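Trainee:
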């Protein structure tokens, strides 16, 4: 392998880790997983490259939100990350969470509630 090609292959994981660290904590965890913890480092490098491309396309803040959502569900596969971002699954989950917190519960006279049953 030519020296220039070897230098790129050796330096790229470090550049990806630096980018991930600057993007956010969950992005860093996701990229670190793909570069160090996978059984197939070549495919891990490819996945990390693709994730950087996705981040450039959708923005670092959105990609960090997707990584937060995915890691919360123990999802690390590139195909799943692509699906989450294309289908806005992370945005829907945030929206549903905000709605359930903001929803006022009406009190009905026929509902006993927790005070009825005592301690």
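Numbering (my numbering), first residue to last: 1 to 119. Note that the Cβ used here is the ideal one computed from N, Cα and C, for glycine as well. Here the structure is a predicted model, which means the values were calculated and not measured.
(1) Less than 8 Å between the CB atoms is what I'm expecting for residue 64 and residue 27, so what's the real figure, rounded?
(2) For the alpha helix (DSSP H) that contains residue 41, what are its first and last residues?
(3) Ordered along the chain, which non-local residues of its own chain (more than five positions away) have a Cβ less than 8 Å from that of residue 29?
(4) Quick check on residue 110: does DSSP put it in helix, strand or coil?
(5) Can you list, in chain order, the residues of its chain with a C-beta nearer than 8 Å to that of residue 93? Leave out the 5 residues immediately preceding and following it.
Mentor: Once the coordinates are examined:
(1) 5 Å
(2) 41-58
(3) 67, 71
(4) coil
(5) 69
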